[in-house]
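Peer 1: There's a structure below that I have some questions on.
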Amino acid sequence: MKIKFLTIKILIFLVLFSCNAQETAKASLSSNPKIETTNPKLIVGIVVDQMRYDYLTRFNTKFGDGGFKRMINEGFNCKNNHFNYVPTYTGPGHASVFTGTTPKYHGIISNNWYDKEQKKIVYCAGDDGVESIGTENKAGQMSPHRMLTTTFADENRLFTQMRGKTIGVAIKDRGAILPAGHTADGAYWFHGKDEGVWITSSFYRTNLPNWVNEFNNSDAAESYLKTWDTYYNIDSYTESGSDDNNFEAGFKGKEKATFPYDLAKLKDENGGFDILKATAYGNSLTTDFAIAAVKGENLGLDEVTDVLTLSYSSTDYVGHNFGVNSKEIEDTYIRLDKDLERFFKFLDETVGKGEYTVFLTADHGAVNVPAYLQSVKIPAGYLDFNSRKEKFVAFLEEKYGTKDIVENVSNNQIFFNKSKIKELGLDLHKVEQDLVDEQISYPNIAKVYTATTMNSTNFTTGIEVLLQNGFNQKRSGDVIVVDDIAHIPYGRTGSTHGSGLNYDTHVPLLFFGKGIKQGETLQKTVIPDIAPTISALLGISFPNGATGVPLGFVLD
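Mind the numbering: the sequence shown is residues -21 to -1, 1 to 535 in mature numbering (1 follows the signal peptide of the UniProt record, and there is no 0), read in order.
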């Protein structure tokens, strides 16, 4: 009987122990344990539109210690960083930085391009299938739907089960939309004209969040309609050319493109609030909005990594207007340096010093104003597209009896009407070669290649590699033209970009913050390396079309 009683007691103990263990397990599973992570709380990806690498060195003595210099002194400086494709435009640049690949794969082959299926020019971020949010204007009908691959921000969203937020900010719509990717919580851009507001599209949400409405209802944009004068005494701006010269366009309503600029007085003749885009104050307004975005979206305040993509567009507008050697561009970078310092101090206070990671690069560089280069005896010039077109049309009509075998000529590419070529019984490859032979005979054309060559030849050096990396078989043209060095289809004032030459491809690449070593390198890096590097830092999948490689030497 004693043995039987003992056995019963043991069985009761085992049952009770089992029940308690199950309850403990259930409690453990139902609780919300703190996520242990060493990842940064916030990734900030900064793209400065039209920033040549030499701006870092040329204006170095004018920078303070908290902006560009802080990134260099505390972080890692890749001094030999380049775009590895053409064309070097804003849309492809922003897409390439964040997808880790080139137009060959992500499909953003230009800002605007000829769509061979729709038979019309399309815009890289344009989307008639969405609605404007924040304005009645069509300026909000935008989305990333033409970008074929993911960004590292998309991959972070997928990895964190959509808990990690992504917000894109830029004055330009494409500068906000393409970096943020397909899964972003929001992308916001500036609509000037007579409104001066930040807007979005129904791709992201059906209304503006309260923090954006509050920002728009403030006098933030209007407060910058004031006099733009140099930050320091203009006589100290010895790193740029004379203020009064023949190489700058300036603003309507002002006889000379010289400091100071009364923006309140000039705004009516220069697009209302749009005038801010082409001044240093456009970057200050962007910084204000970025700070509001971090606050409004609570970015970087928990253990799940968030992403802010931040593009400074005004540098591009100023460069196009005044040129890369202007007092205006120098002042713009001096003031941008102050804005970066202000933004980093804000992140130190809110997210925490050492708790966030920043990279800074550009979407392209820019050429010196060719008229200026000519004035100092450097080979340069301007392209006469009208004369080139007349000569080309005459050739087509004489050779084939019609100009209709060509549908479109844009972005240095010739698009065939293949149905017409077939109808005329012409050999496609023979037509390709005929057009190559014709185009190469024109003034200021350096090289001409066919789509067949791009698809069948594996180039390893020279401009040909860049052309191939920028060539998308379904979207690009049938003949590709390369113009002479420092020759541009542009007016005689201001700078532009788009080539595969060093003045367009060599741009900064700075890493700074959590997980980043201090140092520098002259080893060549390329733009598609950025996204895999950030992905490796976070331990997430690379963007699905990435062709770049992680820069392990920058990671701690």
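No residue lacks a Cβ here, since even glycine has one placed at the ideal position from N, Cα and C.
Computed from a predicted structure; not experimentally measured.
How about T472 and A236: do their beta carbons lie closer than 9 Å?
Peer 2: The residue you call residue 472 lines up with position 493 of the sequence shown. The residue you call residue 236 lines up with position 257 of the sequence shown. Taking a C-beta distance under 9 Å as the contact criterion, T472 and A236 qualify as a contact pair.
Peer 1: Whether or not the region 95 to 113 and the region 178 to 196 are in contact is what I'm after, with contact meaning three or more pairs of Cβ atoms, one per stretch, closer than 8 Å; do they touch?
Peer 2: yes
Peer 1: For H61, which residues does DSSP report across the bridge?
Peer 2: Here the question's residue 61 lines up with position 82 in the sequence shown. According to DSSP, which records beta bridges pairwise, H61 is partnered with H485, V505.
Peer 1: Taking the beta strand (DSSP E) that Q418 belongs to, which residues open and close that run?
Peer 2: For the purposes of this step, residue 418 is taken as residue 439 along the sequence shown, with counting starting at 1. Unbroken run through Q418 is the alpha helix (DSSP H), 407 to 418; no beta strand (DSSP E).
Peer 1: Kindly indicate which three-state DSSP category I495 falls into: helix, strand or coil?
Peer 2: Indexing the sequence shown from 1 puts residue 495 at position 516. Of the three classes helix, strand and coil, the one that applies to I495 here is strand, per DSSP.
Peer 1: What is the rounded straight-line gap between the Cα of K58 and the Cα of N390?
Peer 2: Residue 58 sits at position 79 when you count from the first residue of the sequence shown. Residue 390 sits at position 411 when you count from the first residue of the sequence shown. Going by the C-alpha atoms only, they are around 29 Å apart.
Peer 1: Considering only the beta carbon of each residue, do A341 and V26 sit closer than 9 Å?
Peer 2: What you label residue 341 is simply residue 362 of the sequence shown in a count that begins at 1. What you label residue 26 is simply residue 47 of the sequence shown in a count that begins at 1. In this structure, V26 lies closer than 9 Å to A341 by Cβ.
Peer 1: Check whether the Cβ atoms of E411 and D457 lie closer than 9 Å to each other.
Peer 2: Within the sequence shown, the letter at position 432 stands for residue 411. Within the sequence shown, the letter at position 478 stands for residue 457. Closer than 9 Å, so yes.
Peer 1: With contact counted as at least three CB pairs below 8 Å, one residue from each stretch, are the region 236 to 248 and the region 97 to 108 in contact?
Peer 2: Touching, no.
Peer 1: Find out if the Cβ-Cβ distance for the pair G449, V461 is shorter than 9 Å.
Peer 2: For this step, residue 449 is matched to residue 470 along the sequence shown. For this step, residue 461 is matched to residue 482 along the sequence shown. For G449 and V461, no; Cβs fall outside 9 Å.
Peer 1: Which residues share a DSSP beta bridge with W207?
Peer 2: Taking the first residue of the sequence shown as 1, we reach residue 207 at position 228. For W207, which the question treats as bridged, DSSP gives the partners Y240.
Peer 1: Would you please state the rounded distance, in angstroms, between the beta carbons of P507 and G79? I believe it to be under 8 Å.
Peer 2: As a first step, residue 507 is located in the sequence shown; it is residue number 528 there, counting from the start. As a first step, residue 79 is located in the sequence shown; it is residue number 100 there, counting from the start. P507 to G79, Cβ: 5 Å. Contact.
Peer 1: Would you list the residues sitting across from W168 in a DSSP beta bridge?
Peer 2: In the sequence shown, residue 168 corresponds to position 189, counting from 1. In DSSP, W168 forms a bridge with I178.
Peer 1: When the Cβ atoms of the region 258 to 277 are set against those of the region 166 to 184, are three or more pairs found closer than 8 Å?
Peer 2: yes
Peer 1: Which two residues bound the contiguous alpha helix (DSSP H) that contains L326?
Peer 2: Locating residue 326 in the sequence shown gives position 347, where the first residue counts as 1. Here the alpha helix (DSSP H) through L326 covers 306 to 326.
Peer 1: Measuring straight from C-alpha to C-alpha, what distance separates M433 and K83?
Peer 2: As a position in the sequence shown, residue 433 is number 454, starting the count at 1. As a position in the sequence shown, residue 83 is number 104, starting the count at 1. Their backbone Cα atoms lie some 11 Å apart in a straight line.
Peer 1: Please go through the same chain and pick out, in chain order, the residues whose beta-carbon is closer than 7 Å to the beta-carbon of L362, but skip the five residues on each side of it.
Peer 2: The residue given as residue 362 occupies position 383 in the sequence shown. Closer than 7 Å at Cβ, skipping near neighbours: N423, D462, H466, I467, P468.
Peer 1: Anyone know if the C-beta pair for P239 and T217 falls short of 9 Å?
Peer 2: Against the sequence shown, residue 239 aligns to sequence position 260. Against the sequence shown, residue 217 aligns to sequence position 238. Taking C-beta atoms as the reference points, P239 and T217 fail to come closer than 9 Å.
Peer 1: Would you kindly report the start and end of the unbroken alpha helix (DSSP H) that includes E376?
Peer 2: Your numbering for residue 376 matches position 397 in the sequence shown. Note, E376: alpha helix (DSSP H), 364 to 379.
Peer 1: Specify the secondary structure class of K99 as computed by DSSP and reduced to three states.
Peer 2: Position 120 of the sequence shown, counted from the first residue, corresponds to residue 99. Correct three-state label for K99: strand.
Peer 1: Between which two residues does the alpha helix (DSSP H) carrying T265 extend?
Peer 2: In the sequence shown, the residue the question calls residue 265 occupies position 286. Note, T265: alpha helix (DSSP H), 260 to 275.
Peer 1: The beta strand (DSSP E) with K426 in it runs from where to where?
Peer 2: For the purposes of this step, residue 426 is taken as the residue at position 447 of the sequence shown. Start and end: 424 to 429.
Peer 1: Which same chain residues, not among the five before or five after G250, have their C-beta less than 7 Å away from its C-beta?
Peer 2: Counted from its first residue, the sequence shown places residue 250 at position 271. Closer than 7 Å at the Cβ level, and outside the excluded window around G250, lie G171, K172.
Peer 1: Keeping to the same chain, check which residues put their C-beta closer than 6 Å to that of D285; ignore five residues upstream and five downstream.
Peer 2: For the purposes of this step, residue 285 is taken as residue 306 along the sequence shown, with counting starting at 1. Excluding positions up to five away in sequence, the list reads L21, G143, K144, L278, G279.
Peer 1: Using 10 angstroms around the beta-carbon of residue 536, count the other beta-carbons present and answer buried if the total reaches 16, otherwise exposed.
Peer 2: The structure shown does not extend to residue 536, since the chain spans only -21 to 535, so no value can be given for it.
Peer 1: So T484 packs on F62, CB below 8 Å; how close in whole Å?
Peer 2: Your numbering for residue 484 matches position 505 in the sequence shown. Your numbering for residue 62 matches position 83 in the sequence shown. The C-beta distance from T484 to F62 rounds to 4 Å, short enough to meet the 8 Å contact threshold.
Peer 1: Using 8 Å as the threshold, is the region 313 to 321 in touch with the region 150 to 166, meaning 3 or more CB pairs across them?
Peer 2: With the cut-off at 8 Å, the region 313 to 321 and the region 150 to 166 do not touch.
Peer 1: Pick helix, strand or coil for A132, following the three-state DSSP scheme.
Peer 2: Position 153 of the sequence shown, counted from the first residue, corresponds to residue 132. A132: helix per DSSP, three-state reduction.
Peer 1: Tell me which residues share the same chain as E499 and place their Cβ nearer than 7 Å to its Cβ, disregarding the 5 neighbours each side in the sequence.
Peer 2: Taking the sequence shown and counting its residues from 1, one reaches residue 499 at position 520. Taken in chain order, the residues that qualify are F55, N56, K58.
Peer 1: Within the same chain, show all residues whose beta-carbon is closer than 8 Å to that of V524, passing over the 5 residues directly before and after it, in chain order.
Peer 2: Walking along the sequence shown from the start, residue 524 turns up at place 545. Rather than Val, the amino acid found at residue 524 in this sequence is Gly. Once the five neighbours on either side are set aside, the close Cβ partners of G524 are T78, G79, T80, Y84, H85, L127, T128, T129.
Peer 1: Looking at H124 and F169, is the spacing between their C-beta atoms short of 9 Å?
Peer 2: Counting from 1 along the sequence shown, the entry for residue 169 is found at position 190. Counting from 1 along the sequence shown, the entry for residue 124 is found at position 145. In this structure, H124 does not lie closer than 9 Å to F169 by Cβ.
Peer 1: Alpha carbon to alpha carbon, how far is A350 from Y482?
Peer 2: As a working mapping, residue 350 is identified with position 371 in the sequence shown. As a working mapping, residue 482 is identified with position 503 in the sequence shown. C-alpha separation (whole angstroms): 16 Å.
Peer 1: Start and end of the alpha helix (DSSP H) containing Y469?
Peer 2: For the purposes of this step, residue 469 is identified with residue 490 of the sequence shown, where counting begins at 1. It is not in any alpha helix (DSSP H) - Y469 carries neither H nor E in the DSSP assignment.
Peer 1: With a threshold of 6 Å on Cβ separation, who are the neighbours of A272 within its own chain once the five nearest residues in sequence on each side are excluded?
Peer 2: Position 293 of the sequence shown holds residue 272. Within the same chain, A272 has close Cβ partners I146, V148.
Peer 1: Under 8 Å: do the region 296 to 307 and the region 217 to 228 share three or more Cβ pairs, one atom per stretch?
Peer 2: yes
Peer 1: Could you check where the alpha helix (DSSP H) with G72 kicks off and where it finishes?
Peer 2: Within the sequence shown, numbered from 1, the residue matching residue 72 stands at position 93. First-last of the alpha helix (DSSP H) with G72: 69 to 78.
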